[in-house]
Amino acid sequence: MTLDASVDSISEFLGQPVLSAIVKARDSSADDLARWRKDTPTDVARATSRGLANRINDSFVFHMAAALDGIDGVVFSERARRFVVGDKVVLVCKRHNMKDRIRSYPTRAALDFWGGAATLDGLGTIALAAGYRWDGELREIGVPVLSYRKGLLARPTWVVDLSRDEGDAAAPVRIVPPGGPVAPTFDLSGIEQPERKDGSKP
Amino acid sequence: MTWNGDILRMTRRAAGKTQEDLVEELHGRITQAALSRYESSLREPESDEILDALARALGVTARYLRAGETTFPMISATAHMRRQKTVTPAVWKDLEAQLNVHRVHWTLLVEGIDIAPQQQIPTFEDPSDTAPEDAAVFVREKWRMPLGPVENMIGWLEAAGAVVVVEDYGTDRVDGMSQWVGPWPVISLNSRASADRRRLTAAHELAHLVLHNATPSLEAEDEANRFAAEFLMPTVEARPLLKTGGLSLGRLADLKLHWGVSMQAIFERAYRLGLASSDDRRRFYQNLNARGWRKVEPYSEHVPDEQPRFAQSLVQALLDRGLTQKDVAEMAGLADFHGSPLLAGPEDRRPRLSLV
Numbered sequence: 056m057t058l059d060a061s062v063d064s065i066s067e068f069l070g071q072p073v074l075s076a077i078v079k080a081r082d083s084s085a086d087d088l089a090r091w092r093k094d095t096p097t098d099v100a101r102a103t104s105r106g107l108a109n110r111i112n113d114s115f116v117f118h119m120a121a122a123l124d125g126i127d128g129v130v131f132s133e134r135a136r137r138f139v140v141g142d143k144v145v146l147v148c149k150r151h152n153m154k155d156r157i158r159s160y161p162t163r164a165a166l167d168f169w170g171g172a173a174t175l176d177g178l179g180t181i182a183l184a185a186g187y188r189w190d191g192e193l194r195e196i197g198v199p200v201l202s203y204r205k206g207l208l209a210r211p212t213w214v215v216d217l218s219r220d221e222g223d224a225a226a227p228v229r230i231v232p233p234g235g236p237v238a239p240t241f242d243l244s245g246i247e248q249p250e251r252k253d254g255s256k257p
Numbered sequence: 007m008t009w010n011g012d013i014l015r016m017t018r019r020a021a022g023k024t025q026e027d028l029v030e031e032l033h034g035r036i037t038q039a040a041l042s043r044y045e046s047s048l049r050e051p052e053s054d055e056i057l058d059a060l061a062r063a064l065g066v067t068a069r070y071l072r073a074g075e076t077t078f079p080m081i082s083a084t085a086h087m088r089r090q091k092t093v094t095p096a097v098w099k100d101l102e103a104q105l106n107v108h109r110v111h112w113t114l115l116v117e118g119i120d121i122a123p124q125q126q127i128p129t130f131e132d133p134s135d136t137a138p139e140d141a142a143v144f145v146r147e148k149w150r151m152p153l154g155p156v157e158n159m160i161g162w163l164e165a166a167g168a169v170v171v172v173e174d175y176g177t178d179r180v181d182g183m184s185q186w187v188g189p190w191p192v193i194s195l196n197s198r199a200s201a202d203r204r205r206l207t208a209a210h211e212l213a214h215l216v217l218h219n220a221t222p223s224l225e226a227e228d229e230a231n232r233f234a235a236e237f238l239m240p241t242v243e244a245r246p247l248l249k250t251g252g253l254s255l256g257r258l259a260d261l262k263l264h265w266g267v268s269m270q271a272i273f274e275r276a277y278r279l280g281l282a283s284s285d286d287r288r289r290f291y292q293n294l295n296a297r298g299w300r301k302v303e304p305y306s307e308h309v310p311d312e313q314p315r316f317a318q319s320l321v322q323a324l325l326d327r328g329l330t331q332k333d334v335a336e337m338a339g340l341a342d343f344h345g346s347p348l349l350a351g352p353e354d355r356r357p358r359l360s361l362v
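Read top to bottom, the protein sequences are chains A and B. Residue numbering for the first sequence is 56 to 257, as defined by this note's numbering. Residue numbering for the second sequence is 7 to 362, as defined by this note's numbering.
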């Protein structure tokens, strides 16, 4: 198939096993976090935001590696903590903030990688962030997400939520496409309602 | 408060009336010299009765005509307009006046209503620092738009707080115009244009709001075209599609249905991306002309006809709250609810301008 950086093309290329691994890794990480809170609440309470993020990320990477173990065409680079799929797509496990931004140390290598620099002996790869949305205010793991951006600091070109029917680990993962435009909201409370003849208001 | 006659002149122009027409409608209650002084802000209408009569003749309310006393600038000649070079100044000035009228009606309508757009239209202080294509990519990213064709161009503009009006200009020589004075950017599109052409015009007008609102540019039209092409057909997706499969008329028609823009716009995209030569381009236009497709392209009827929705949804919410159409018209400074496409929608509007 011809691969381009569109949602449809990427999701078809990755296939269900990879999409399913992201969902599974997110669910397992959320379970881990819940267990840590239950078993070692003091450790979780003492953890800084960064410390907790790192711990969850370790958990996520571990569960991704476990879920993708043995899947054809997927190579895990432990040193870089990246998953290369079919030599063309590179998945990096990333926490997304509520605006779907990701963070990383802005090293030259990281900037080149997210900027789409040619790698793998000159072959271009498509870099994707696979992970979950993190509510920093509530310190809660949100839905699993997959996103594409051109540049580490850039807003994502696209981001999709991954969804699967609850309680059915074998169900296919659905891509929830980015939404269309949302109309502005308005507040009419400052507009006085006219009175009816009997003095009531509609 | 000081009388500001700009609004009177602007509203008269937008209604397609001459000073003589208006004086005649007032049955000799004022002279043309008096009207001229009102419009030049040299004199205020002598009585509320005269002001009411002027308002009635123009389909607005006295409150609307007094809006010039508090709203500044009342009339702005900073509208961007996508038009042919053959359009006479009289026509585009009338249309510009109409755009200003929409802005004032909207400003009056939403007084006291808290509106929160989901997006913002970003602007660049100095567009010469940013290539139009980069600005288009930036806006798509900022709005978190998915890759692929823009499915609801007008919806995206409305989501960013733009007021969009689709109306009959009475001529097909002007495609659309935009203006951003005060808090509300206003975009008007000619309903006579085909759906695909209107989408391109909408993106073109968005470019003006993004790139040229703060700083004018001598290359504004070319920059707006480049922005619109990138916005509607991002290079990252358009290039692979245009590189393969050829640029025959049949292929361009298929691509037109995919992108929702004209075959000509798609060919120009290919040309600008270096995927078609000057000879290819010459042959393409010869081919179009031979079929009579240069002015009226085929398959436009299959491109979804987008219409603005936000203003109507706001109006409907006001009606649901118990206000009558008369109340809502009054809020907007209109004598008649059906006097503006802003309230009543594109199919139900005031008498249109006609070319004379």
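Yeah, the Cβ is synthetic: ideal placement off N, Cα and C, and Gly gets one too. Quick caveat, the model's predicted, so the values are computed rather than measured.
- ASP242 (chain A) sits in a strand when the DSSP states are folded into three classes.
- Among the residues facing chain A, VAL172 (chain B) is not included, as its CB has no counterpart in that chain under 9 Å away.
- DSSP lists A:TYR187 as the bridge partner or partners of PRO199 (chain A).
- The closest CA to that of THR240 (chain A), considering only B:GLU45, B:ASP260, B:ALA96 and B:GLN125, is found on B:GLN125.
- Pairing ALA259 (chain B) with TYR291 (chain B) gives a Cβ-Cβ distance that is not under 9 Å.
- The C-beta distance from ALA21 (chain B) to GLY74 (chain B) rounds to 16 Å, too long to meet the 8 Å contact threshold.
- CA-to-CA, the gap between VAL200 (chain A) and GLU67 (chain A) works out to about 16 Å.
- A residue is called buried once 16 or more other Cβ atoms fall within 10 Å of its Cβ, and MET153 (chain A), having fewer, is exposed.
- Of all residues in the stretch 317-330 of chain B, only SER319, LEU320, ALA323, LEU324, ASP326, ARG327, GLY328, LEU329 and THR330 place a beta-carbon less than 9 Å from a beta-carbon of chain A.
- The Cβ atoms of SER184 (chain B) and LEU215 (chain B) sit closer than 9 Å to each other.
- Within 9 Å of the CB of ARG156 (chain A), no CB atom of chain B is found; the nearest one sits about 11 Å away.
- PHE273 (chain B) is not bridged by DSSP to any residue.
- For MET159 (chain B), there is no enclosing beta strand (DSSP E); the residue is part of the alpha helix (DSSP H) that begins and ends at 159-165.
- By the Cβ-count criterion, GLY182 (chain B) is buried, with 16 or more other Cβ atoms from all chains shown falling within 10 Å of its own Cβ.
- Contact of LYS148 (chain B) with chain A by beta-carbon distance below 7 Å involves ARG210.
- Residues of chain B with a Cβ closer than 9 Å to the Cβ of ILE246 (chain A) are, in chain order, GLY118, ILE119, LEU324, ARG327, LEU329 and MET337.
- Of the candidates B:GLY11, B:PRO240 and B:VAL334, the residue whose Cα lies closest to the Cα of LEU57 (chain B) is B:GLY11.
- Residue ranges of uninterrupted beta strand (DSSP E) with 3 or more members, entirely inside the stretch 41-97 of chain B and ordered along the chain, are 86-89.
- For the stretch 159-193 of chain B, the set of residues with a beta-carbon nearer than 7 Å to any beta-carbon of chain A comprises GLY161, TRP162, GLU164, ALA165 and GLY167, in chain order.
- When C-beta distances to chain A are compared with 7 Å, the residues of the stretch 237-254 of chain B below that value are VAL242, GLU243 and PRO246, in chain order.
- Contact annotation: the stretch 299-315 of chain B does not touch the stretch 20-34 of chain B, with fewer than three C-beta pairs closer than 8 Å.
- Think of a sphere of 7 Å around the beta carbon of GLY154 (chain B): the chain A residues whose beta carbon falls inside it are SER61, in chain order.
- Restricting attention to B:THR207, B:VAL171 and B:GLU236, the CA atom closest to the CA of GLN313 (chain B) is found in B:VAL171.
- DSSP lists B:TRP186 as the beta-bridge partner residues of PRO191 (chain B).
- Against chain B, the beta carbon of ALA238 (chain A) has neighbours under 8 Å at GLN124, GLY161, GLU164, ALA165, ARG315, PHE316 and SER319, listed in chain order.
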